[in-house]
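Line order of the protein sequences matches chains A and B. Heads up: take any position in the first sequence, counting from 1, add 591, and you land on my numbering. Heads up: take any position in the second sequence, counting from 1, add 591, and you land on my numbering. Structure, as structure tokens:
Number of protein chains: 2
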Amino acid sequence: MDERVREHAEVLVDWSARVEAGDDVVVSVAEDAHELGVAVARALGERGANVTTLYGSSEVSRGYLKGVEAGTDDAVDADDFDSDPAVDRAIFEAADGYLRIGGGRNTTATADVDGDTRRAYATARKGVREARMDTNWVSTVHPTRSLAQQAGMAYEEYQEFVYDAVLRDWESLAEEMAQMKEILDDGEEVRIVTERDGAPDTDVQMSIAGRTAVNSAASVAYDSHNLPSGEVFTAPHDTAGEVFFDVPMTIDATRVRNVHLVFEDGEVVDFAAEAGEDALANVLNTDPGARRLGELGVGMNRGIDRFTDSILFDEKMGDTVHLAVGRAYDACLPDGESGNESAVHVDMISDVSADSRMEVDGEVVQRNGTFRWEDGFER
Amino acid sequence: MDERVREHAEVLVDWSARVEAGDDVVVSVAEDAHELGVAVARALGERGANVTTLYGSSEVSRGYLKGVEAGTDDAVDADDFDSDPAVDRAIFEAADGYLRIGGGRNTTATADVDGDTRRAYATARKGVREARMDTNWVSTVHPTRSLAQQAGMAYEEYQEFVYDAVLRDWESLAEEMAQMKEILDDGEEVRIVTERDGAPDTDVQMSIAGRTAVNSAASVAYDSHNLPSGEVFTAPHDTAGEVFFDVPMTIDATRVRNVHLVFEDGEVVDFAAEAGEDALANVLNTDPGARRLGELGVGMNRGIDRFTDSILFDEKMGDTVHLAVGRAYDACLPDGESGNESAVHVDMISDVSADSRMEVDGEVVQRNGTFRWEDGFER
């Protein structure tokens with residue numbers, strides 16, 4: 592076995608999920624993530640944990656959803672799914688940890704599933720999703736040829752890209768990110784401005800009063816659930832203005848480019864996309880919370896050196912900020928407050944490496960991608 | 592998708608598992624069983640069932656067990672495993688049905704796991720196994736290159752072999768098998784005699800008084816849990832005599848050939864094998880029940896025309912009888928009686944196509960493979 596696969600498994604189990612002897616850990620293994628699944632099972636056995644392995648196959652999901660479509664007379668709605676499926680609920684209520692290892696054979700495997708069906712399924716599965724998020728969950732990927740293709744990279748090149756992002760000195764990155772967390776924790780209002788051809792194309796402001804930022808250092812000990820990570824994020828509210836997202840992405844197997852959102856009184860009141868506008872509309876129409884922001888994130892992982900059309904990596908890249916419509920993470924909210932609720936959480940990214948600034952309470956904290964504690968920062 | 596895969600899925604879901612709308616069905620998909628997993632998910636979606644998909648990978652199991660070995664100072668024993676793993680227990684307590692789709696990439700994937708470790712794991716997992724067997728469970732395989740290799744066949748040839756065995760007229764086979772069930776239900780004592788070179792090499796008798804035979808027609812409606820099936824089996828007791836099993840098999844990834852067992856007072860008191868005797872010893876030493884019989888089965892599926900080193904097929908083949916050491920199936924036992932208990936259930940097969948007879952209460956019911964209701968039967 593490639594030594595990097597073994598190291599990836601150990602970072603995932605020890606640093607990220609903080610697995611201890613006796614823990615019940617559920618591992619979801621995607622179609623081509625077998626090697627990492629084996630290495631993770633071995634690490635869990637060594638730690639004295641119990642392992643249950645799910646098969647996280649997009650083609651199996653598509654098969655199931657197409658079957659539901661075939662078995663339903665009209666368009667599929669949430670009532671066509673069981674909102675309290677006994678086994679899935681039982682799994683996540685009993686689990687201490689959940690390790691999701693992505694890495695399928697085709698990132699567009701569910702492209703021909705109807706938008707109504709997807710939305711209905713996401714709505715019906717809200718309870719299961721919430722039970723899953725109450726565990727020590729971590730999402731990672733095993734590098735596959737399919738993901739390399741989505742990234743536009745050769746397979747070995749992509750493997751190096753993934754391990755450069757994953758096998759890092761997480762403690763030292765966590766220390767650097769603590770500075771941004773402090774700024775956001777103390778701040779009340781964030782404004783982001785970017786320009787294109789000399790005119791503003793993003794000028795948006797949002798409140799972060801009363802919210803707590805997460806220093807997302809790829810470990811549940813930091814309320815961070817992605818490996819790799821390397822972002823600081825919070826849960827904004829009362830958003831107003833316009834945002835242009837110039838980093839391409841894939842939503843529900845559809846390529847989406849150049850999204851433009853207009854916010855008034857905290858809600859998206861107008862939207863457009865140069866490609867994939869229907870997929871975007873499906874997201875925004877899921878439920879009322881899908882039109883409000885659930886996240887503002889600042890990418891700080893400079894080990895990620897390019898966009899690969901994968902949100903797991905893209906949103907962590909240095910020189911980017913991202914906003915997500917939909918569900919807010921509990922970790923950002925005061926105790927007992929629910930924040931924005933939604934069945935979806937979809938991140939969208941802006942490149943801020945040039946012609947940009949982020950202000951917190953009127954003070955510039957990042958300009959053209961450089962943070963205020965870094966060399967070369969222009970106030 | 593190969594139309595035969597879709598048909599296999601439909602036989603599995605409808606005839607075998609009798610899935611109904613609203614059922615919670617757990618599907619275990621082996622490493623190379625993806626295609627059938629997709630087809631089964633689609634069929635379950637059409638029927639309105641919930642689906643949870645497990646990854647049934649032998650390499651993941653090996654990884655876990657090797658990890659436990661590495662994390663344990665001395666030899667692994669049952670105390671090194673959690674005998675009540677919360678997630679696995681919750682899954683099978685909540686499930687209505689369990690569909691196990693075999694078909695890995697290497698049938699000897701766990702060959703280097705220590706025998707003590709295997710035995711300890713089997714012992715610790717008894718509770719989970721029993722919860723699983725309380726569901727509507729069915730075990731089948733997707734034809735893979737690995738299984739073709741084990742069978743000594745080309746891949747396409749093996750696919751045809753599997754679908755010939757699986758895609759049958761199960762109702763009509765069930766009617767024929769009902770005759771054998773009636774004989775065993777009414778009988779009190781079974782004697783099996785085979786000769787080799789003119790001298791008896793098997794001469795064994797056992798009581799079946801008070802036991803109920805299962806007409807194993809590949810459906811939970813018949814208390815039958817294998818697809819394909821095509822055998823009639825019961826739970827014998829008080830076995831005495833000698834048995835020679837001339838059909839090769841694989842136990843715990845070890846090839847085992849020409850097993851000889853000697854029974855006294857219901858227990859194995861002596862054993863030998865020309866190959867794989869250690870693997871056989873591991874089985875027999877699992878627990879006291881592993882030395883008593885749990886099953887007598889009569890193969891009646893004449894659609895299976897050769898041995899393929901897979902118990903799922905071999906034990907169903909016409910012209911064979913088999914005995915299993917270990918656990919008895921509840922369906923064969925009077926209500927409230929537990930029968931033989933064990934953490935294992937290992938079948939061993941004798942070819943009875945020539946020089947053989949099976950007697951029930953002194954009357955010959957099968958001679959040289961021909962049943963008494965068939966043309967050419969010699970009383």
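Positions of the beta carbon are idealized from the N, C-alpha and C atoms, including for glycine.
For the alpha helix (DSSP H) holding residue i, just list the boundary residues, first then last.
i: A:Ile-682; result: 677–685
i: A:Asn-873; result: 868–875
i: B:Thr-708; result: 706–715
i: B:Ser-652; result: 649–661
i: A:Leu-635; result: 625–638
i: A:Asp-905; result: 902–905
In the DSSP output, what is residue i paired with across the bridge?
i: A:Gly-832; result: A:Val-795 and A:Phe-854
i: A:Val-823; result: A:Asn-806 and A:Val-889
i: A:Arg-848; result: A:Ala-866
i: B:Arg-691; result: B:Ser-619 and B:Ser-730
i: B:His-936; result: B:Gly-917
i: B:Leu-645; result: A:Leu-645 and B:Ser-619
i: B:Met-908; result: B:Asn-892
i: A:Ser-941; result: A:Val-912
i: B:Asn-817; result: B:Ser-730
i: A:Leu-884; result: A:Val-916
i: B:Asp-861; result: B:Val-853
i: A:Phe-962; result: A:Gln-957
How would you call residue i, buried or exposed, if buried means at least 16 neighbouring beta carbons within 10 angstroms?
i: A:Tyr-746; result: exposed
i: B:Ser-933; result: buried
i: A:Glu-626; result: buried
i: A:Gly-880; result: buried
i: A:Gly-702; result: Per the sequence shown, residue 702 of chain A should be read as Ala rather than Gly. It counts as exposed.
i: B:Phe-592; result: Looking at the sequence provided, one finds Met at residue 592 of chain B rather than Phe. Label assigned to B:Met-592: exposed.
i: A:Arg-897; result: exposed
i: A:Pro-819; result: buried
i: B:Pro-827; result: buried
i: A:Pro-925; result: exposed
i: A:Glu-969; result: exposed
i: A:Asp-760; result: exposed
i: B:Ser-649; result: buried
i: A:Arg-787; result: exposed
i: A:Ser-674; result: exposed
i: A:Asp-942; result: buried
i: B:Ala-812; result: exposed
i: A:Asp-938; result: buried
i: B:Ala-612; result: exposed
i: B:Asp-843; result: buried
Kindly list the residues whose CB is nearer than 6 angstroms to the CB of residue i, restricted to its own chain and excluding five residues on each side of it in sequence; keep chain order.
i: B:Ala-686; result: Asp-615, Val-617 and Thr-726
i: B:Arg-893; result: Gly-909
i: A:Ser-607; result: Val-729, Ala-809, Ser-810 and Leu-818
i: A:Thr-899; result: Ala-742
i: B:Thr-825; result: Leu-775, Ile-799, Arg-802, Ala-804, Leu-887 and Cys-923
i: B:Arg-691; result: Ser-619 and Ser-730
i: A:Thr-698; result: Ser-737 and Gln-741
Between which two residues does the beta strand (DSSP E) carrying residue i extend?
i: B:Phe-672; result: Unbroken run through B:Phe-672: none, as it is neither H nor E.
i: B:Thr-599; result: Here the sequence assigns His to residue 599 of chain B, which means Thr is not the residue at that position. Taken as a continuous stretch (DSSP letters only), B:His-599 belongs to no beta strand (DSSP E), being part of the alpha helix (DSSP H) at 594–601.
i: B:Ile-842; result: 840–842
i: A:Arg-948; result: 947–951
i: A:Val-956; result: 954–958
Cutting at 8 angstroms between CB atoms, please list the residues of its own chain near residue i, excluding the five before and the five after it.
i: B:Asp-869; result: Gly-706 and Thr-845
i: B:Gly-694; result: Ala-621, Glu-622, Asp-623, Ala-624, Leu-627, Val-732, His-733, Pro-734, Thr-735, Ser-737 and Leu-738
i: A:Val-596; result: Glu-626, Leu-627, Ala-630 and His-733
i: B:Gln-770; result: Phe-962 and Trp-964
Cutting at 7 angstroms between CB atoms, please list the residues of its own chain near residue i, excluding the five before and the five after it.
i: A:Asp-861; result: Val-853
i: A:Gly-778; result: Ile-799, Val-951 and Asp-952
i: B:Ala-722; result: Arg-680, Phe-683 and Glu-684
i: A:Ser-652; result: Thr-701
i: A:Glu-858; result: Arg-882 and Arg-883
Is residue i close to chain C? Criterion is C-beta to C-beta, closer than 8 angstroms.
i: B:Asp-725; result: Of the protein chains in the structure, A and B, none is chain C.
- Return the chain-ordered ranges of every alpha helix (DSSP H) run that is complete within the stretch 728–794 of chain B and spans a minimum of 4 residues. Listed in chain order, the alpha helix (DSSP H) runs fully inside the stretch 728–794 of chain B are 736–742, 746–757 and 761–777, counting runs of at least 4 residues.
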